[in-house]
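Engineer:
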Amino acid sequence: MPEAYIQLDWRGYPESPVTPGTGRLEFNTFEVRRMRAGATGQWRGMRFEFTLDPQDIDGTLVKDAYVEFRPGSYEIRFGQFKPSGSRDYGTSARQADFLERAALGGSLSTQRDLGVSLHGDVGQYFDYDVGVFAGDNNGASSRSGVTGAGRLEWEPRRDLVLAMYGSEGRLRAVETDPENGLEGRLSSGYRFFENVYVQGQRTRVGGDIEWSPGPFQFTVETLRVRDERREQGVDLDNLSPLVGVATNFTTRWRFARRRDLVVRYEYLGFDDAGPKTDMASVRPRAADVRARAAQAVTFGGSWGVTNWLRLMGNAGVEWFSDPRTAPEAGVNRGYWTLGTRLQLELPGILGLRVR
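Okay, here's the thing in structure tokens:
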């Protein structure tokens with residue numbers, strides 16, 4: 000069945016002097032945020048999905064392109080798709096509670112890549128998903144090499160899910176290429192931490208809890224990423240690994256059919272694992288990386304007017320640990336971001352069922 004949706008976004012940055020739609024502030028004041036089209040179906044016991052998006056900010060035209068089949072009590076999937084890992088990133092952008100993912104899902108988690116995965120159940124309460132991928136973010140300069148990823152979920156009761164996940168990949172820095180580390184952006188799209196050169200192992204360890212009592216849903220997730228910096232010193236000496244840590248907590252209240260109110264707290268911080276010195280720097284091969292962190296609180300609401308039309312609104316405020324990295328350098332205050340979205344879906348707009 001053919002499927003498609005388009006997201007039209009309007010945003011405002013009342014306190015920020017940074018020009019929207021640039022590398023430092025990713026999103027423009029008006030843009031077509033996503034324009035996805037594809038098809039899903041089944042053939043001879045195999046399920047397939049193919050999705051394109053010429054508008055998405057990561058520059059990768061093909062989003063999902065995979066085939067899935069069930070030879071027994073487990074499923075095998077191969078192609079390009081989301082690796083098992085973060086709950087925040089694993090949630091479809093079509094169904095997300097906010098205009099943008101939290102910093103954890105947008106900046107630190109594994110993202111779509113080519114690979115193969117195995118998914119199944121262990122007994123009544125456990126669910127596993129493991130895979131091997133060509134990298135951890137196809138098309139990105141920060142992409143690692145071959146990456147293994149896995150996620151284990153425990154559902155002791157119908158309204159509670161606890162999970163842990165992780166990934167391991169190999170990094171290689173090239174002098175003539177752009178920096179290949181992870182960069183730090185909060186959900187506004189503002190970049191407060193520039194990536195550095197990394198080489199060696201990239202290790203992710205994370206976990207999340209989702210509790211859904213009645214009309215409420217509470218979700219908490221945390222993720223730690225450790226990138227080695229082997230041979231990245233002035234004399235090709237090993238530097239202390241770079242560590243990124245992110246946490247987010249979300250509360251959702253579904254007060255009526257297809258009507259939600261939500262609030263989210265998010266934190267994202269970077270530092271190296273070495274001792275503190277008086278030589279902390281933002282250089283891409285600094286021995287002592289200057290610690291930087293940011294946090295945000297976002298309020299939002301959404302209304303599914305029909306099965307093909309959804310309206311969303313967000314208002315969020317961000318703070319930065321180092322005022323030098325704030326949108327207005329040296330000014331330590333909260334920076335607001337306002338946004339609205341109009342989302343149209345096919346085949347719902349034609350009166351057909353949307354899965």
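Going by numbering that gives the first Met the number 0, 174 is the number at position 175 of the sequence shown; the sequence numbering is gapless.
Yeah, the Cβ is synthetic: ideal placement off N, Cα and C, and Gly gets one too.
Based on the DSSP secondary-structure assignment, which residues constitute the bridge partners of A245?
Structural biologist: The count along the sequence shown starts at 1 and reaches residue 245 at position 246. Answer is L222, L267, bridged to A245.
Engineer: For the region 52–128, list the beta strand (DSSP E) runs that are entirely contained and at least 3 residues long, ordered along the chain.
Structural biologist: Counting only runs of 3 or more, we get 61–68, 73–80, 112–121.
Engineer: According to DSSP, is P19 helix, strand or coil?
Structural biologist: Along the sequence shown, read from residue 1 onward, the residue named residue 19 stands at position 20. In the structure shown, P19 sits in coil (DSSP, three-state: anything other than H, G, I, E or B).
Engineer: According to DSSP, simplified to helix, strand and coil, what is T276?
Structural biologist: Here residue 276 refers to the residue found at position 277 when the sequence shown is read from its first residue. Reduced to three states, the DSSP call for T276 is coil.
Engineer: Around the C-beta of D52, are 16 or more other C-beta atoms found within 10 angstroms, so that it is buried, or is it exposed?
Structural biologist: Within the sequence shown, residue 52 is the residue found at index 53, counting from 1. D52 is buried by the Cβ-count criterion.
Engineer: Under 8 Å between the Cβ atoms of G180 and L241?
Structural biologist: Numbered from its first residue, the sequence shown carries residue 180 at position 181. Numbered from its first residue, the sequence shown carries residue 241 at position 242. Yes, they are a contact pair.
Engineer: When the Cα of R282 is compared with those of G312, G232, D259, S320, which residue comes out closest?
Structural biologist: Position 283 of the sequence shown, counted from the start, is the residue given in the question as residue 282. The shortest Cα separation from R282 among G312, G232, D259, S320 belongs to G232.
Engineer: Check whether the region 133–148 touches the region 252–271, taking contact to mean three or more Cβ pairs, one atom from each stretch, closer than 8 Å.
Structural biologist: No: the two stretches stay apart, fewer than three of their Cβ pairs being nearer than 8 Å.
Engineer: My output table needs one value for R43: the three-state DSSP class, helix, strand or coil.
Structural biologist: Here the question's residue 43 lines up with position 44 in the sequence shown. Of the three classes helix, strand and coil, the one that applies to R43 here is coil, per DSSP.
Engineer: In the DSSP assignment, the beta strand (DSSP E) including T362 goes from what residue to what residue?
Structural biologist: Since the first residue shown for the chain is 0 and the last is 354, residue 362 is missing from the structure and cannot be characterised.
Engineer: DSSP three-state label for T305, please.
Structural biologist: The residue you call residue 305 lines up with position 306 of the sequence shown. In this structure, T305 counts as coil in the three-state DSSP scheme.
Engineer: Does the structure place the region 165–183 close enough to the region 60–80 that three or more beta carbon pairs sit under 8 Å?
Structural biologist: Touching, no, given that fewer than three Cβ pairs across the two stretches are closer than 8 Å.
Engineer: Can you give the beta carbon distance from L267 to A36, rounded, assuming they're within the 8 Å contact cut?
Structural biologist: For this step, residue 267 is matched to residue 268 along the sequence shown. For this step, residue 36 is matched to residue 37 along the sequence shown. Contact flag wrong, Cβ pair sits at about 32 Å.
Engineer: Would you tell me roughly how many angstroms separate the C-alpha atoms of A286 and A148, rounded to the nearest one?
Structural biologist: The residue given as residue 286 occupies position 287 in the sequence shown. The residue given as residue 148 occupies position 149 in the sequence shown. One C-alpha to the other measures close to 30 Å.
Engineer: Candidates N27, P19, D8, M0: which alpha carbon is nearest T39's?
Structural biologist: As a position in the sequence shown, residue 39 is number 40, starting the count at 1. When each option's Cα is compared against that of T39, the closest is M0.
Engineer: Any chance the CB of E220 is under 7 Å from a heavy atom of the ligand NAD?
Structural biologist: As presented, the structure is devoid of all ligands, the ligand NAD included, so that no description of it is given.
Engineer: Could you name the residues of the same chain whose beta carbon sits closer than 6 Å to that of R203, not counting the 5 residues immediately before and after it, in chain order?
Structural biologist: As a working mapping, residue 203 is identified with position 204 in the sequence shown. Within the same chain, R203 has close Cβ partners G165, S166, V224.
Engineer: Within 10 Å of its beta-carbon, does F29 have 16 or more other beta-carbons around it, so buried, or fewer, so exposed?
Structural biologist: To locate residue 29, count along the sequence shown from 1; it is residue 30. So F29 counts as exposed.
Engineer: Between L351 and the rest of its own chain, which residues show a CB-CB distance below 7 Å, the 5 nearest in sequence each way excluded?
Structural biologist: If you number the sequence shown from 1, residue 351 lands on position 352. Note on L351: pLDDT 42, under 50, position unreliable in the model; the coordinate value appears next. For L351, where only same-chain residues beyond five positions count, there are no Cβ hits under 7 Å.
Engineer: Return yes when the Cβ of Y264 is within less than 8 Å of the Cβ of V296, no when it is not.
Structural biologist: What you label residue 296 is simply residue 297 of the sequence shown in a count that begins at 1. What you label residue 264 is simply residue 265 of the sequence shown in a count that begins at 1. The answer is yes: Cβ separation under 8 Å.
Engineer: Among all the DSSP beta bridges, which residues are the ones paired with D259?
Structural biologist: Within the sequence shown, residue 259 is the residue found at index 260, counting from 1. Partner(s): R253, S301.
Engineer: Look up R291 in the DSSP assignment and give the residues it is bridged to.
Structural biologist: Here residue 291 is taken as the residue at index 292 of the sequence shown, counted from 1. Answer by DSSP bridge pairing, in chain order: F269.
Engineer: Quick one: residues in its chain with C-beta nearer than 7 Å to the C-beta of A92, no 5 flanking neighbours on either side, listed in chain order?
Structural biologist: For the purposes of this step, residue 92 is taken as residue 93 along the sequence shown, with counting starting at 1. So the list reads R33, once near-sequence residues are dropped.
Engineer: Excluding the five sequence neighbours on either side, which residues of its own chain have a C-beta within less than 8 Å of the C-beta of D236, listed in chain order?
Structural biologist: Looking up residue 236 in the sequence shown gives position 237. The residues are E230.
Engineer: Could you please give me the residues that DSSP links to A3 through a beta bridge?
Structural biologist: Taking the first residue of the sequence shown as 1, we reach residue 3 at position 4. A3 is bridged to A36, L345.
Engineer: Could you tell me whether the region 269–277 touches the region 310–323, using the rule of 3 or more Cβ pairs below 8 Å?
Structural biologist: Judged by Cβ distances under 8 Å, the region 269–277 makes no contact with the region 310–323, as fewer than three pairs qualify.
Engineer: Grab the span of the beta strand (DSSP E) containing Y164 for me, first residue to last.
Structural biologist: By 1-based counting over the sequence shown, the position of residue 164 is 165. Unbroken beta strand (DSSP E) run through Y164: 159–170.
Engineer: Can S15 and P326 be called in contact, C-beta distance under 8 Å?
Structural biologist: Here residue 15 is taken as the residue at index 16 of the sequence shown, counted from 1. Here residue 326 is taken as the residue at index 327 of the sequence shown, counted from 1. For S15 and P326, yes; Cβs fall inside 8 Å.
Engineer: Which of helix, strand or coil does DSSP assign to T324?
Structural biologist: As a position in the sequence shown, residue 324 is number 325, starting the count at 1. Helix, per DSSP.
Engineer: Measure the alpha-carbon distance for E344 versus F49 and round it to whole angstroms.
Structural biologist: Reading the sequence shown from its first residue, position 345 is the one you call residue 344. Reading the sequence shown from its first residue, position 50 is the one you call residue 49. Near 16 Å, if we compare the C-alpha coordinates of F49 and E344.
Engineer: I think G312 touches G300, with their Cβ atoms under 8 Å apart; what is that distance to the nearest whole Å?
Structural biologist: The residue given as residue 312 occupies position 313 in the sequence shown. The residue given as residue 300 occupies position 301 in the sequence shown. Contact flag correct, Cβ pair sits at about 6 Å.
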